[in-house]
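K.L.:
Going letter by letter, the sequence shown gives residues 15 to 352 in full-length UniProt numbering. Can you read through this structure? Questions will come right after.
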Amino acid sequence: PVTPRVLSGIQPTADSFHLGNYLGALRQWVALQDSHEAFYCVVDLHAITVEHDPALLRRRTRVSAAQLLAMGLDQDRSTLFVQSHVPEHAELAWVLSCLTGFGEASRMTQFKDKSAKQGASAASVGLFTYPILQAADILLYSPEAGPGERVFQVPVGEDQRQHLELTRDLAQRFNHRFGETFVPPAAYIPETAAKITDLQEPAAKMSKSASSPQGILDVLEEPGPMRKKIMRAVTDTGTEVRYDEENKAGVTNLMRIYAALGETSYADIEARYAGSGYGQFKKDLAELVLDTFTPIRERTQKLLADEEQLDRLLAQGAERAGAVARRNMEIVRDRVGF
Ligand code: ADP
Ligand code: NA
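Spelled out as structure tokens, the structure:
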């Protein structure tokens, strides 16, 4: 059987990942290492599509990589690297941008959403072409076509579907114009991925751009504030721990977190807390979250304290990813006529 190849990236745009990132994506990254030939990328090129501070970007890139290693990414089982360390990402993005219609790019709804916040004309061209860079990120790791060709999958959330469609279209367009080169990627949507909402606004997703930090559980949060945020999470005027997305959105979100971290079912949680109210449930949930995140926080701190070791690990990732990227880019250059 062939080992499927997988590629995924995350932006280094916060001082810590949050519980939504962990349950919605990063936990799956760790699991996929063993079933897949996995490439994981801290996408710092994407992080400069909005105004940024260089020192902050540099720090967050390292903090992000350290957290991923602390969560269990292992350079012996997968390849973790920083996007800017492999310059072929930008080079392929240029080639693909010349294959993308202006109208086609204009239809990307995420740009419309993101640019609406700052005014479309204030947004950078980089933010506009972001999905094309994302296509390059993916296609650079397209398995070299041929016999024994591997399935190529990319984990995506619902919000990334349109970008993945563009990537598939660009792969097919390139192949059509210049000859079979890329394997169009398929979406891999893990069943275990849970959508986590804001602790203070259960209608909104937990996000680093939340209106208040009280709504987000950061992976690197200290135990005191972590417990407080969970104890103060919005619930409802009832007392029943019951899964009901419509009428009990707050409690339901906490149950999702509990079920995902405690590897238990909603029915089990309901039975366990029948008649005991929200207090005990929240207390136990806080301990579950801390059981998961405390070791990650401690390992992250250790990794950040040894700069040379972290540099070595990231250089190792860049070397392995770079070898694949260079091989594919050489083919692209040749086909395009460079
Ligand atoms: P944010 O919304 O904080 O900016 P990103 O958009 O950078 O997070 O998302 C990074 C990854 O984490 C994506 O794979 C996304 O699907 C996942 N993710 C983000 N927030 C959540 C959430 N609240 N629940 C589940 N998954 C999430
Ligand atoms: Na692997």
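Using N, Cα and C, we set each Cβ at its ideal position, and we do this for glycine too.
What residue range is occupied by the uninterrupted beta strand (DSSP E) comprising residue 54?
P.N.:
Note, residue 54: beta strand (DSSP E), 51 to 56.
K.L.:
Per DSSP, which one or two residues make a beta bridge with residue 93?
P.N.:
53
K.L.:
Would the beta-carbon of residue 229 be found less than 7 Å away from any heavy atom of the ligand ADP?
P.N.:
no
K.L.:
Below 8 Å on the Cβ atoms is my contact criterion, and I expect residue 339 with residue 102 to pass it. Report the Cβ-Cβ distance as a whole number of Å.
P.N.:
4 Å
K.L.:
Beta carbon of residue 196, beta carbon of residue 185: below 8 Å?
P.N.:
In contact: residue 196 and residue 185 (Cβ atoms closer than 8 Å).
K.L.:
Please go through the same chain and pick out, in chain order, the residues whose beta-carbon is closer than 8 Å to the beta-carbon of residue 20, but skip the five residues on each side of it.
P.N.:
46, 50, 51, 52, 53, 166, 167, 168, 169, 202
K.L.:
Please find out if some non-hydrogen atom of the ligand ADP comes closer than 7 Å to the beta-carbon of residue 226.
P.N.:
Not so, every heavy atom of the ligand ADP lies at least 7 Å from the Cβ.
K.L.:
Give the range of the alpha helix (DSSP H) segment to which residue 24 is assigned.
P.N.:
Not the alpha helix (DSSP H): residue 24 falls in the beta strand (DSSP E), residues 19 to 24.
K.L.:
Taking all protein chains shown into account, decide if residue 297 is buried (16 or more other Cβ within 10 angstroms of its Cβ) or exposed.
P.N.:
Looking at its Cβ environment, which holds fewer than 16 other Cβ atoms inside 10 Å, residue 297 is exposed.
K.L.:
Does DSSP put residue 169 in a helix, a strand or coil?
P.N.:
For residue 169, the three-state secondary structure derived from DSSP is strand.
K.L.:
Based on Cα-Cα distance, which residue from 264, 318, 87 lies nearest to residue 220?
P.N.:
264
K.L.:
Measuring CB atoms only, is the stretch 265 to 282 touching the stretch 314 to 330, in the sense that at least three cross pairs come out at less than 8 Å?
P.N.:
no
K.L.:
Should residue 108 be labelled buried (16 or more other beta-carbon atoms within 10 Å of its own) or exposed?
P.N.:
With fewer than 16 Cβ atoms within 10 Å of its Cβ, residue 108 is classed as exposed.
K.L.:
Is residue 38 near the ligand ADP, in the sense that its beta carbon is under 7 Å from a heavy atom of that ligand?
P.N.:
yes
K.L.:
Candidates 85, 55, 66: which alpha carbon is nearest residue 33's?
P.N.:
Ranking 85, 55, 66 by CA distance to the CA of residue 33 puts 85 first.
K.L.:
Would DSSP call residue 200 helix, strand or coil?
P.N.:
strand
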